[in-house]
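> Before I ask anything, let me first share the structure, which is written out below as structure tokens.
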Amino acid sequence: MSVNAKVGVIALVPDRWRGIWMPRHHVVGRLARHFDVIWIEPAAGWREYWLPGATPEADIQSTPPEEFGLTLYDPGRWLPEFYRPEALANWVRKQRVISACRMLKRRGCTHIVLYLWRPEFDWALDAIKADFTCYHIDDEYRFSVNDLPNDPREMALIGRVDQVIIHSRKLLEKKGSANPCTMHIPNGVDYAAYASPAPEPADMAHIPRPRMGYVGVVKSQLDLDLMLQLARQRPEWSFVLVGPQGHLGDKAELLSQLAALPNVYLTGNRQLADLPAYMQAMDVCLMCYEVCDYTHFIYPLKLNEYLATGRPVVCSPIDSVLGLEHVVRIAGNFQEWELALEDALSVEANASSAITNRQHQAALHDWDTLVQQIADRFRP
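Numbering (numbering that gives the first Met the number 0), first residue to last: 0 to 379.
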């Protein structure tokens with residue numbers, strides 16, 4: 000392969016570009032600054048395209064793909080998702096990848112990279128003859144609170160691809176030995192955006208300080224019962240949750256109780272470009288997760304975003320923060336959380352040296368630096 004080959008990347012992802020932003024949005028978007036990249040939007044079912052009265056899924060984020068130079072490929076009504084017959088469903092799925100590959104080749108790409116973000120996209124390896132294949136693991140996709148044996152289908156995929164990328168230490172321990180070409184790349188941060196001072200959002204001005212803030216998807220993995228206890232015990236503290244609601248399961252009632260308290264504020268979804276200002280408007284940033292096998296596998300996207308603001312951070316003792324005690328306060332039970340939040344408000348926790356230490360840790364994880372490592376592997 001010529002060193003002057005033009006690289007084209009096909010990203011198969013489980014999310015819409017304008018949905019809830021995940022690590023894959025940050026990675027694939029920045030790869031488009033290196034290569035010609037096509038993000039294949041998940042196809043909706045054929046009924047949603049063809050039957051009258053279907054309501055399109057609402058946008059959550061509005062960041063235009065052009066900001067990164069990314070191409071969105073929406074299969075649309077001609078290549079929708081079918082579930083049966085199986086032969087038709089498989090043929091249509093492969094046609095989406097074939098179409099994306101043709102688009103790249105028409106643009107002069109001679110080195111095609113197939114970039115997969117879920118194990119259920121393994122069929123794509125047989126759709127085209129890619130020059131390089133990569134599987135990126137940014138979650139334990141069984142989402143079980145109890146650790147389960149590795150999925151044989153996923154392990155087969157890991158063994159077939161040219162490159163595996165894993166985002167957390169615990170997942171690396173669990174799956175990293177199956178392919179010798181495996182990289183550990185944690186989640187990053189747009190450091191300049193989060194470290195640069197931003198004006199306080201107008202809707203935060205009326206919220207009394209001190210503000211204990213969570214910025215991210217409000218979902219079942221959060222320890223909402225603990226937050227409810229803290230909010231009731233410390234009515235002089237404001238608890239602010241910024242972000243869209245995800246899957247809550249049986250915790251929906253807990254969230255309702257939390258929202259009913261006078262010192263709790265739920266803002267709902269905010270745009271990506273506004274999130275640094277919301278994090279900076281907090282006095283303490285929270286990562287209040289329930290500790291279980293699943294949360295030990297995660298590497299929260301907000302970790303380095305919080306640290307980049309310089310604000311004190313308090314987190315449950317999940318694996319990805321163990322060893323970061325110099326920049327993150329770790330708390331397990333209610334008493335530890337209350338003490339950690341009090342300590343995070345102290346003069347020492349907000350001294351310039353403490354702020355610098357937190358920001359230095361975040362700067363080590365700038366997305367541009369991390370994605371450069373991935374781009375280097377994708378080049379022939």
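Beta carbons: idealized from backbone N, C-alpha and C, even for Gly.
Source: prediction; values computed, not measured.
Cα separation between residue 337 and residue 219?
22 Å
> Quick check on the DSSP output: what are the complete beta strand (DSSP E) runs of length 3 or more inside the region 85–127, in order along the chain?
Correct list: 110–115.
> Helix, strand or coil: how does DSSP classify residue 323 here?
coil
> Kindly indicate the opening and closing residues of the alpha helix (DSSP H) around residue 380.
Since the first and last residues shown for the chain are 0 and 379, residue 380 lies out of range.
> Nearest by alpha-carbon distance to residue 225: which of 188, 315, 113 is it?
315
> Within the same chain, show all residues whose beta-carbon is closer than 8 Å to that of residue 228, passing over the 5 residues directly before and after it, in chain order.
Annotation for residue 228: 333 place their beta carbon closer than 8 Å to its own, counting only its chain and skipping 5 residues before and after.
> Buried or exposed: where does residue 104 fall if 16 or more other Cβ atoms within 10 Å of its Cβ makes it buried?
exposed
> If you check the beta carbons only, do residue 373 and residue 243 fall under 7 Å apart?
no
> Which residues mark the beginning and the end of the alpha helix (DSSP H) in which residue 297 is found?
Residue 297 -> no alpha helix (DSSP H), and no H or E assigned at all.
> In whole angstroms, what is the alpha-carbon distance linking residue 248 and residue 184?
31 Å
> Which value, in whole angstroms, describes the spacing of the CA atoms of residue 180 and residue 34?
21 Å
> Taking three-plus beta-carbon pairs below 8 Å as touching, is the region 109–118 in contact with the region 12–27?
Contact between the region 109–118 and the region 12–27 is present, because at least three Cβ pairs lie under 8 Å.
> May I ask which residues mark the beginning and end of the beta strand (DSSP E) holding residue 38?
35–39
> Helix, strand or coil for residue 248 per DSSP?
helix
> If you follow the beta strand (DSSP E) that residue 131 is in, where does it begin and where does it stop?
131–136
> Would you say the region 153–172 touches the region 121–137, given that touching needs at least three Cβ pairs under 8 Å?
By the C-beta criterion, the region 153–172 is judged to be in contact with the region 121–137, since at least 3 inter-stretch pairs fall below 8 Å.
> For residue 355, list the residues DSSP reports as bridge partners.
Note: residue 355 sits in no beta bridge, so no partner.
> Using only alpha-carbon positions, find the residue among 340, 211, 346, 187 that is nearest to residue 361.
187
> Looking only at its own chain, which residues have a Cβ that is under 8 Å from the Cβ of residue 320, when we skip the five neighbours before and after it?
286, 302, 314, 327, 329
> Per DSSP, which one or two residues make a beta bridge with residue 10?
The partner list for residue 10 (beta bridge, DSSP) reads 38, 114.
> How do the region 120–129 and the region 92–111 stand: do at least 3 beta-carbon pairs fall below 8 Å, yes or no?
yes
> Take the Cβ of residue 324 as the centre, count every other Cβ of all protein chains shown within 10 Å, and call the residue buried at 16 or more, exposed below.
exposed
> Where are the alpha helix (DSSP H) runs, 4 residues long or more, that stay fully inside the region 249–295, in chain order?
251–258, 274–279
> Judging by CA-CA distance, which residue of 352, 376, 148 is the nearest neighbour of residue 310?
352
> Sorted by chain position, which residues of the same chain lie with C-beta nearer than 7 Å to residue 305's C-beta, five sequence neighbours on each side aside?
Here residue 305 has 278, 284, 312 as same chain residues with Cβ atoms under 7 Å from its own Cβ, once five neighbours each way along the sequence are excluded.
> Roughly how far, in whole angstroms, is the beta-carbon of residue 216 from the beta-carbon of residue 19, given that I think they are within contact range, below 8 Å?
6 Å
> For the candidate residues 67, 24, 170, whose alpha-carbon lies nearest to that of residue 140?
Nearest to residue 140 by C-alpha distance, out of 67, 24, 170, is 170.
> In its own chain, which residues sit with a C-beta less than 7 Å from the C-beta of residue 3, not counting the 5 before and 5 after it?
Cβ contact annotation for residue 3 (same chain, cutoff 7 Å, sequence separation greater than five): none.
> Smallest Cα separation from residue 97: which of 66, 151, 37, 231?
Of the residues 66, 151, 37, 231, the one whose Cα lies closest to the Cα of residue 97 is 37.
> Express the C-alpha separation of residue 109 and residue 0 in angstroms, rounding to a whole number.
The predicted position of residue 0 is uncertain, since its pLDDT is 40 and thus under 50; a value taken from the coordinates is nonetheless stated next. Residue 0 and residue 109: Cα-Cα distance of roughly 9 Å.
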